[in-house]
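There are 2 protein chains.
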Amino acid sequence: MDRRTVLVPPSDRLSLEVLELLSNKWEPAIILTLLHHEPLRFNELESALPDISANMLTTALASLAEHGLVQRQTISDTPPQVEYELTDSGRQLKPVFSTLSTWGQDHLETPTPTAVVADCDDRLTELYGEWLAATFDVTSVNTTAELRESLVNAPELVVVDIALWDGSMYEFETYCPTTTRRMLLVGDRPDLSLAAWHCDDVLRKPIRKTELVSRAKAQLECIGQSETERDCAGTEAKLSILESIYPQSQLKAEDLTAQFYDE
Amino acid sequence: MDRRTVLVPPSDRLSLEVLELLSNKWEPAIILTLLHHEPLRFNELESALPDISANMLTTALASLAEHGLVQRQTISDTPPQVEYELTDSGRQLKPVFSTLSTWGQDHLETPTPTAVVADCDDRLTELYGEWLAATFDVTSVNTTAELRESLVNAPELVVVDIALWDGSMYEFETYCPTTTRRMLLVGDRPDLSLAAWHCDDVLRKPIRKTELVSRAKAQLECIGQSETERDCAGTEAKLSILESIYPQSQLKAEDLTAQFYDE
DNA sequence: CTGTATCCCCATGGATACTG
DNA sequence: CAGTATCCATGGGGATACAG
């Protein structure tokens, strides 16, 4: 691809070269992923980019390393462990992506993310739905059955009162796609079993509009986190609620919550 | 190329989509060309992008039009004449290219443009060479033979005192590649034959540093102009010098210069 | 777990000839 | 002048198997 013959000013030719550097199916996605969660292991990248094959990831990472955008770091040889992080050059691509994204927002169809709001009380689901309508396509449900049904559409976010769910929390995990961000609503005084739910955030009722909306938006920005980061953030959210209710001594004594303190 | 499955926040996914829109060998180059010189005819674009084939240009323009970045306007059917200009969306890509270019300047090898400085007086070529050294790789020559030799390397710019050239001005045009920007230096009182030289700019001696440097840089930014624009700018430069010396009445009477006033 | 090594497909892009 | 129509080459990208 010889673009050196294009008759444009030198500064323009530079922008074409950079564009060429980013004209690859996976490399920009890898850079973006690393911009959010650095550093990442090979398999963490692999799961952040569900459709990439291992050899494509290898190739892309090699190319990025060759162009000085990412850095490879061997952690251990047996078992093989490698970490990838951006170089300064790579990190400074951030404004490039911002500009691209800004243009996209102004001139491209922006698909609205979808959210499911689940609560026994239909006045509450309606209310929450209105609050989130500016950012999401909201579906409101009031029974476990309806919730299960709407979860098969893999919404970006589910906001669910744990009191609604009539199965076990493990069952919930099964029905909820991994790509769906989970925000739990809990009553005024949740019991310790909250610790066993797998979630990304927890809100304690009563809930204010600004709180719900900002936390929901924050979940969108977290899409692509590694499992570890997700777990960690969710645990922290649960813990901060529980700590505000139960004394630390009790939490450390309980099997369910004691492990939190190990991490 | 389905990138919708990439697990990154929605804003990032947008930037990937825009990148996809620009991941094409010719389309970004066409946009850049149009950003400088709008509107352009099909064949003007073709000569601004010397290595593109006609059918590639057709395809690229169709794709750009389909994505709403350029607008096609049929001027006449027989003979077929079409003009292309950017839409507002397309025009607003300018900051995108600027950001790309900025990153490129900071992190990519920037090839220095080359310039040839030709004057009989070697003290002058040395001086001008020093002035331009910050922006160009400068070659200084003091004879017509040397100049001819250095022109085969197709420098981005040639700065030549017309007094040095011992052939006809038509011969000069033959030796000077079309991709080389031509800046003429003329004495205090150039005669009317100046009008016959084919050039992009004219400077009248004595020359100040800031003047030379800024005009030379301006030439770089004009790379890619259509023939018409080039002619027009050159004519204007010659005319403004001549008008400062000869009365308009005389210029209009002379064959050489009268045609300028027709345009 | 983190990659190579192979093979294969097909979309992008180039060359050439032809047309209203 | 401003395109079609056709054919062909290349290499990016995917699937699969295997290895240290």
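Residue numbers (this note's numbering), protein chains in the order written: chain A, 1 to 263; chain B, 264 to 526.
Even glycine gets a Cβ: it sits at the ideal position worked out from N, Cα and C.
Query, Result
"Terminal residues of the alpha helix (DSSP H) in which residue 59 of chain A lies", "54-66"
"For residue 168 of chain A and residue 175 of chain A, the rounded distance between their alpha carbons", "11 Å"
"Chain B residues whose Cβ lies nearer than 8 Å to that of residue 38 of chain A", "Correct list: empty, because the minimum Cβ distance to chain B is about 14 Å."
"Proximity winner among A:49, A:157, A:137, A:253, relative to residue 33 of chain A (alpha-carbon distances)", "A:49"
"CB contact check: residue 53 of chain A to chain B, cutoff 9 Å", "no"
"Contacting positions in the region 178-194 of chain A - beta carbon closer than 9 Å to chain B", "179"
"Endpoints, alpha helix (DSSP H) assigned at residue 278 of chain B", "273-284"
"C-beta atoms of residue 155 of chain A and residue 139 of chain A nearer than 9 Å", "yes"
"Among B:498, B:332, B:367, B:344, nearest to residue 461 of chain B - alpha-carbon criterion", "B:498"
"Cβ of residue 435 of chain B within 9 Å of any chain A Cβ", "no"
"Pair within 9 Å by beta-carbon distance, residue 7 of chain A and residue 487 of chain B", "yes"
"Inter-residue CB distance, residue 370 of chain B and residue 63 of chain A (contact presumed, cutoff 8 Å)", "Actually they are not in contact, since the Cβ atoms of residue 370 of chain B and residue 63 of chain A sit about 16 Å apart, beyond 8 Å."
"Listed by chain order, chain A residues near residue 278 of chain B by CB distance under 9 Å", "28, 32, 96, 97, 98, 99, 100, 101, 102, 103, 104"
"Cβ-based contacts, 8 Å cut-off: residues of the region 334-361 of chain B near chain A", "352, 355, 356, 358, 359, 360, 361"
"Residue 44 of chain A vs residue 228 of chain A beta-carbon contact at 9 Å", "yes"
"Residue from A:60, A:93, A:250, A:165 whose Cα sits closest to the Cα of residue 274 of chain A", "Residue numbering for chain A in the displayed model covers 1 to 263; residue 274 of chain A lies beyond these limits and cannot be assessed."
"Simplified DSSP state of residue 83 of chain A, which is helix, strand or coil", "strand"
"Continuous alpha helix (DSSP H) assignments of at least 4 residues falling wholly in the region 442-495 of chain B", "472-484"
"Helix, strand or coil at residue 359 of chain B [DSSP, three-state]", "helix"
"Bridge partner(s) assigned by DSSP for residue 339 of chain B", "B:344"
"Exposure of residue 9 of chain A, with buried meaning 16 or more beta-carbon neighbours within 10 Å", "buried"
"When B:321, B:305, B:354 are compared against residue 342 of chain B, the one with the closest alpha-carbon", "B:305"
"Length of the line joining the Cα atoms of residue 362 of chain B and residue 473 of chain B", "28 Å"
"Per-residue burial, residue 345 of chain A [other beta carbons within 10 Å of its own, 16 or more giving buried]", "Here chain A comprises residues numbered 1 to 263, so residue 345 of chain A is not present and cannot be evaluated."
"Proximal residues of chain B, C-beta to C-beta of residue 200 of chain A below 8 Å", "In chain order: nothing, as chain B lies at least about 13 Å away."
"Inter-stretch contact at 8 Å, needing at least 3 Cβ pairs: the region 63-73 of chain A / the region 20-31 of chain A", "yes"
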